[in-house]
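Trainee:
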Amino acid sequence: MKKLKLLAIAILLFSAVKTNAQTDTATTTKAIFFNAGAQYMSNLTYAGRRDESSVPVLLPNFTVISKKGFFVSAMGYFDLSGSKSQSEGLSVTPGYVFSFDKKKEFGGAVSVTKYFITSNSPIILSSFNFTADAQLNYNPADIIKMTLGASYRIGKDNSNDIINNAELSKEIWIVKTGTNKKDGLKVDPTATLYAGTQSFYQTYYTESQVQRAVANPSPSNPLNVLFPSQPSQSIVTQTVTQQRQEEVKKYNLLAISGSIPVTYAINKVQLSFTPYFIKPLNQVDYTTNNAMNGVYFLFTTGVSITF
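Here it is, written out as structure tokens:
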């Protein structure tokens, strides 16, 4: 994969694991339980940014969760870009989900993810070595959920970046079913703002004085007849301008995202579909050096089962 100069959904993947963990630990009495599933993503991105080589992916996952909130999750990455479809690697994420109060209105999660993805993969996360993630969330009386998150990334080339996200979401039940009224259909409108460091190349120019040899007039020139001992070359000084590039790292707003996760739960099975509308901010097309505007669309859909 080409080295990414910009950052763009490790945070989204971590959020999905965290949400499953919080929901399941609240509804089970077992000490340890398991969650298995698969998610299709139409265009893998990271923090609202995507690369030209971004591809649709299939993300199978398996999570082991303890009632106390500790979990270990493994996720596979399958490139689904036509004839080049293949397995690109996997990631392993140990973590911990916690609450500060008995009502579980105020809590969070921490985790570390190690990536095992081939370096020449089109998967946008292939340049990552590992990430450390943390989130805090507050949902007073189920009115609106506020989330603050941070992700620290270490790349395979030892480049480090930090991504922050601020999120507002509201869980809305459309239909509740089941004996405990915990199954059914719900939507969760969400607005997310991403900010963080981004690496890019800045063009600059340097001027230097160089000396070069210049051939003197040919022997047929009258000047050579008068001065036959004149050297065949003379040295002159010229000013040379060179174009150079340097990598610059800057903390800035990266993107704003709007999504509407739709979930339908039937006993231990959950079906999900989420459309995303994402607008990158402060993004530059490095081939033209112009700002990139517009909104792009992607979606995810998946199924999971808890046992």
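Per the numbering used here, the very first residue in the sequence shown carries number 27; after that it's consecutive. For every residue, glycine included, the Cβ atom is placed at its ideal position computed from N, Cα and C. Please read these numbers as outputs of a predicted model, since none were measured by experiment.
Could you give the distance in angstroms between the alpha-carbon of D209 and the alpha-carbon of K196?
Mentor: Residue 209 sits at position 183 when you count from the first residue of the sequence shown. Residue 196 sits at position 170 when you count from the first residue of the sequence shown. Near 17 angstroms, if we compare the C-alpha coordinates of K196 and D209.
Trainee: Please classify P148: is it buried, with 16 or more other beta-carbons within 10 angstroms of its beta-carbon, or exposed?
Mentor: Walking along the sequence shown from the start, residue 148 turns up at place 122. Buried: at least 16 other Cβ atoms inside 10 Å.
Trainee: Following the continuous beta strand (DSSP E) through G134, name the residue where it begins and the one where it ends.
Mentor: On the sequence shown, position 108 is the one that residue 134 refers to. Taken as a continuous stretch (DSSP letters only), the beta strand (DSSP E) holding G134 covers 132 to 143.
Trainee: When DSSP builds the beta bridges, which residues end up paired with L70?
Mentor: Translated into positions along the sequence shown, residue 70 becomes position 44. Paired residues: none, contrary to the question.
Trainee: Considering only DSSP beta bridges, list what V213 is partnered with.
Mentor: Residue 213 sits at position 187 when you count from the first residue of the sequence shown. For V213, which the question treats as bridged, DSSP gives the partners I198, V288.
Trainee: If contacts are defined as beta-carbon pairs under 8 angstroms, then F333 and F124 qualify, I think. What distance do you get, rounded to the angstrom?
Mentor: Locating residue 333 in the sequence shown gives position 307, counting from the first residue. Locating residue 124 in the sequence shown gives position 98, counting from the first residue. Not confirmed; about 24 angstroms, so no contact.
Trainee: Could you name the residues of the same chain whose beta carbon sits closer than 6 angstroms to that of T223, not counting the 5 residues immediately before and after it, in chain order?
Mentor: Mapped onto the sequence shown, residue 223 falls at position 197. Taken in chain order, the residues that qualify are D187, I188, K275, Y277.
Trainee: Figure out for me which residue from D214, P287, Q296, G320 has the closest Cα to the Cα of T326.
Mentor: Looking up residue 326 in the sequence shown gives position 300. The residue with the shortest Cα to Cα distance from T326 is P287.
Trainee: Bridge partners of G320, per DSSP?
Mentor: Along the sequence shown, read from residue 1 onward, the residue named residue 320 stands at position 294. Answer is none; G320 lacks a bridge partner.
Trainee: Looking at the secondary structure, which residues open and close the beta strand (DSSP E) in which Q309 lies?
Mentor: Reading the sequence shown from its first residue, position 283 is the one you call residue 309. Careful: Q309 lies outside any beta strand (DSSP E) and carries neither H nor E.
Trainee: With distances taken from CA atoms, which of P166, D127, T218, K202 is nearest L174?
Mentor: Position 148 of the sequence shown holds residue 174. L174 has its Cα closest to that of T218, out of P166, D127, T218, K202.
Trainee: First and last residue of the beta strand (DSSP E) that includes I91?
Mentor: In the sequence shown, counting from the first residue as 1, residue 91 sits at position 65. Unbroken beta strand (DSSP E) run through I91: 83 to 92.
Trainee: In whole angstroms, what is the alpha-carbon distance linking N190 and Y220?
Mentor: If you number the sequence shown from 1, residue 190 lands on position 164. If you number the sequence shown from 1, residue 220 lands on position 194. If I take the Cα positions, the gap works out to 6 angstroms.
Trainee: From F88 to Y141, what distance separates their C-alpha atoms?
Mentor: Looking up residue 88 in the sequence shown gives position 62. Looking up residue 141 in the sequence shown gives position 115. Approximately 15 angstroms between the Cα atoms of the pair.
Trainee: When we look at the beta-carbon of V201 and count the other beta-carbons within 10 Å, is it buried (16 or more) or exposed?
Mentor: As a working note, residue 201 is residue 175 in the sequence shown. Answer is exposed; the Cβ neighbour count stays below 16.
Trainee: Does the distance from the CB of L70 to the CB of I150 come in under 8 angstroms?
Mentor: As a position in the sequence shown, residue 70 is number 44, starting the count at 1. As a position in the sequence shown, residue 150 is number 124, starting the count at 1. In contact: L70 and I150 (Cβ atoms closer than 8 angstroms).
Trainee: Taking only three categories from DSSP, how would you classify F325?
Mentor: Sequence index remark: in the sequence shown, residue 325 carries index 299 (1-based). Strand.
Trainee: If you run the structure through DSSP and keep just helix, strand and coil, what is S5?
Mentor: The displayed coordinates of the chain run from 27 to 333. Any statement about residue 5 would go beyond what the structure contains.
Trainee: Counting only the same chain and skipping the five closest in sequence on each side, list residues whose C-beta sits under 6 angstroms from that of N165.
Mentor: What you label residue 165 is simply residue 139 of the sequence shown in a count that begins at 1. Same-chain partners within the cutoff: E131, K171.
Trainee: Excluding the 5 residues flanking G181 on each side, which residues of the same chain have their C-beta closer than 8 angstroms to its C-beta?
Mentor: Working through the sequence shown from its first residue, we reach residue 181 at position 155. Closer than 8 angstroms at Cβ, skipping near neighbours: S153, F154, N155, D187.
Trainee: Considering only the alpha carbon of each residue, which of T139, Y290, K129 lies closest to F97?
Mentor: The sequence position of residue 97 within the sequence shown is 71, counting from 1. The shortest C-alpha separation from F97 is found at T139.
Trainee: Is V81 near S107, with beta carbons less than 8 angstroms apart?
Mentor: For the purposes of this step, residue 81 is taken as the residue at position 55 of the sequence shown. For the purposes of this step, residue 107 is taken as the residue at position 81 of the sequence shown. Against a cut-off of 8 angstroms, the Cβ pair of S107 and V81 comes out as a contact.
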